[in-house]
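These protein sequence lines are chains Y and F, in that order. Quick note, in the numbering used here, the first sequence goes up one by one and the last residue is 483. Quick note, in the numbering used here, the second sequence goes up one by one and the last residue is 700. Ideal Cβ positions, reconstructed from N, Cα and C, are used throughout, including at glycine. Nothing here was measured: the structure is a model prediction, and the numbers come from that model.
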Amino acid sequence: MSTLARKKIRPSTGSLNRFDPETQAAFHLTLGLFALLCIIPFVFVIIISFTSEESIREIGYSFRPLSWSVQAYEYTFQLGDQLWRSYLNSFLITIIGTALSVLMCFLYAYPLFRKDYGHRQFFNFLSFFTMIFGGGLVPTFVICKSVLGLSDNYAALIVPMLFSPFHVIVMRTFFQTSVPMELIEAARIDGSGEYGTLFRIVFPIVTPGIATIALLVALGYWNEWFLSLLYINKNMDIIPLQYLLMRMQRNADFLAKNSAMLGADAAKAAAQLPSQTLKMALVVFIVVPIACAYPFFQRYVVAGLTVGSVKG
Amino acid sequence: MTARREGAVAGRGPAKRRMSRTGRKKNLWLDTMVLPGAIWLLLIRYLPMFGIVLAFKNYKAQRPNTFWNNILKSQWVGLDNFQFLKSPDTAVMIRNTLGYNLLWILLGLVISVTFAIMMSELSSRFFAKAYQTMMFFPYFLSWVVASYFVLAFLDPTSGMIPALQKAAGGPASNFYHETTWWPLILTVCNLWKNVGYSSVLYLAAITGIDTSLYEAAAVDGATKWQQVRHVTLPNIRTMIVILLIMNVGKIFNADFGLFYNVPQNSGSLYPVTQVVDTYVYRAYANTHNIGMSSAAGFLQSAVGLVCIVAANAVVRRIDPESSLF
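Listed below in structure tokens is the structure:
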């Protein structure tokens, strides 16, 4: 009501193109508060990871601990083995998985964009149908494990996520919006083979699309823990950091037990471990790569998700 | 376009033959490109569809103990594996799945659209960008990480809230054993993770609205509120409706990570945290009941298919361009 009244006093179009300062302030307050809520838990975890054990015993987790300590981070260096191996696994799985996955997606999406490709509809459907129907968790798991041998190996952590019909749709849309068919025909007339055209002519045009897919896939692999939960039973040497964190929550001295360096003294070592702050330090290890890269890749991810928003 | 051109070529005799031969060769090259993906789809997506027979069999190890042999020789048991539908747990899990999904679809929609409109109306580009970046951040984190965030606040021994309760002299809540707060906690977690993402989607749609529409409205004397009501909302209405229907189509799918990791898989919370996806997983992981868990999974897939096809049919009536198929 108040805005309506104000309008009558100042009927110039200038004021109609913008909300009045009070409303703007309310918007800032609401959005700012929610935006803060979105990052505060991470800030809190960083603070906890630098809190001393005494302070936690005394007042619990707090935004203002009684005393600070880098003990948790010192322990990560002493605990070597399992922790760093898992961290390395996370990077390894992400890099290999992303490279293979992007290549497969790129190769699959390109013919689907070519209107002159004879089997276009068939392969389109082959990919699309899996978006709306599937065998379900257990049959998929049983077959991957017993028939395809995806169990306790790196393949089990990479292969089940290699291909995504959703990403194919996003990639295909990138082709459709940025590659003119005339270009491909011109290349053919000039004697370029299909693969030559794809990698020398089309590829440079759709690099933004590739970047988008690569980031989505890399995020998926980096954040992956479900595959480990399903397919890894014994071989803890190959688990990624996400799953290590998950295991630690269920089993407090998991890290100590699985650290070769501590050997027979595992139980004793576990008792001395600053386990709470240590876990929070591991969370920081997982989030930091994302938080650092995030401002740079956000643009690409937004582009990709907007393209696929409705279709996804 | 393409069809017309090919038709024109087909009119000429010799050209037609040459075209079809190069056409076949071209198809072959393109076939090799889809091959890796197609093989993956057949092995990882289509092969398990045959595993659905597990839902109708009493899966037992046979001799020789190979997977296909076990499947073939196991006894057909009809609908025995679907007996779980009669248990009271099933009703609870279905209620949870549908209830949370419906609530979150509606809440998510209202909040995301509101935030998107607010962001689009901020006069400071810098702040709009900053809010967007911060709000989008949780979307990139896993539920394992998020579960530690929640733990930092709720952990019974040192979590912030129980610690504050103790400091205030009261008894500390044991959050991981009391169901009371979990509908709220899960809702907050879900909104925390997804609102930023969907706001950005709606914001992209709002940014795409032709600015001359606003100018015209302003010339006609519409206030900013009226512009939002009569320009912004009608322009994103189709997108809202479509995303809404598509989400309803996925109503039988729950976010496994949220319901499994955030409550720390705590058994005493199952009455408010058990959903279809966790139910299927636990049925297999805890009891190794392949038949029953396959049956539950199959029901979920089948109902999901019906829902999504129905949702799509509705979307196609509203806006054929946006339909999935």
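In this structure, F/Val575 keeps its C-beta atom at 8 Å or more from the C-beta atom of F/Phe515. By alpha-carbon distance to F/Val525, the top candidate from F/Leu561, F/Gly398, F/Lys504 and F/Leu454 is F/Leu561. For F/Ile427, the neighbours in chain Y by C-beta distance under 9 Å run, in chain order, Gly306, Gly307 and Pro310. Annotated as distal: F/Met535 and Y/Ser272, with beta-carbon spacing of 8 Å or more. 8 Å or more divides the Cβ of F/Trp567 from the Cβ of F/Leu644. Residues of chain F with a Cβ closer than 9 Å to the Cβ of Y/His290 are, in chain order, Asn402, Leu405, Asp406 and Val409. Those residues of the region 227-247 of chain Y placed with their C-beta closer than 9 Å to a C-beta in chain F are Ile227, Arg228, Ile230, Gly231, Tyr232, Ser233 and Phe234, ordered along the chain. Listed in chain order, the non-local C-beta contacts of Y/Met302 below 6 Å within the same chain comprise Pro336, local neighbours out to five positions each way being set aside. When Cβ-Cβ separations below 8 Å define contact, Y/Gly380 makes no contact with chain F.
In terms of beta-carbon proximity, F/Gly544 stays away from the interface with chain Y, with every pair separated by 8 Å or more.
DSSP lists Y/Trp239 as the bridge partner or partners of Y/Thr222. Here the C-alpha atom of Y/Ile267 lies approximately 10 Å from the C-alpha atom of Y/Ala326. Classified as exposed, F/Asn444 has fewer than 16 neighbouring CB atoms from the shown chains inside 10 Å of its CB.
DSSP places F/Gln450 in the strand class (E or B) of the three-state scheme. At a cut-off of 8 Å between C-beta atoms, F/Ser548 does not count as an interface residue with respect to chain Y. With the criterion set as a beta carbon lying under 9 Å from some beta carbon of chain Y, the members of the region 493-512 of chain F are Met493, Met494, Glu496, Leu497, Ser498, Ser499, Phe502, Ala503, Ala505, Tyr506, Gln507, Thr508, Met509, Met510, Phe511 and Phe512, in sequence order. Boundaries of the alpha helix (DSSP H) harbouring F/Val594: Thr586 to Val594, taken from the DSSP string.
Taking a C-beta cut-off of 9 Å against chain F, the contacting residues of the region 387-400 of chain Y are Leu390, Trp393, Asn394, Glu395, Trp396, Phe397 and Leu400, listed in chain order.
Rounded to the nearest angstrom, the gap between the Cα atoms of F/Ile693 and F/Phe700 is 13 Å. DSSP places Y/Arg343 inside the alpha helix (DSSP H), whose first and last residues are Pro336 to Ser349. Proximity of chain F to Y/Leu208 at the Cβ level (cut-off 8 Å) is accounted for by Trp567, in chain order. When only Cα atoms are considered, F/Leu588 and F/Val606 end up about 7 Å apart. F/Ile683 belongs to the set of residues whose beta carbon lies under 8 Å from a beta carbon in chain Y. By the 16-neighbour rule on beta-carbons within 10 angstroms, Y/Cys276 is buried. Contact with chain Y is absent for F/Tyr645, since none of that chain's Cβ atoms lies less than 8 Å from the residue's Cβ.
What Y/Ser317 touches in chain F, judged by beta-carbon distance under 7 Å, is Phe442, going in chain order. Around the CB of F/Gly583, fewer than 16 other CB atoms lie within 10 Å, so the residue is classed as exposed. With respect to the 8 Å criterion, F/Ser669 and F/Ala430 are classified as neighbours on the basis of their beta carbons.
From the beta-carbon of Y/Thr477, the residues of chain F found nearer than 7 Å are Leu576 and Ala579. In terms of Cβ geometry, Y/Ala464 and Y/Tyr244 do not form a close pair [threshold 8 Å].
Counting only Cβ-Cβ distances below 8 Å, F/Tyr589 has contacts in chain Y at Asn188, in chain order. For F/Ser669, the enclosing alpha helix (DSSP H) begins and ends at Ile665 to Ile693. Collapsing the DSSP output to three states places F/Lys625 in coil. In this structure, Y/Leu416 is the residue among Y/Leu416, Y/Ser298, Y/Phe346 and Y/Gln447 with its C-alpha nearest to the C-alpha of Y/Val458. At least 8 Å separates the CB of Y/Thr265 from every CB of chain F.
Rounded to whole angstroms, F/Gly483 and F/Leu477 show a C-alpha spacing of 10 Å.
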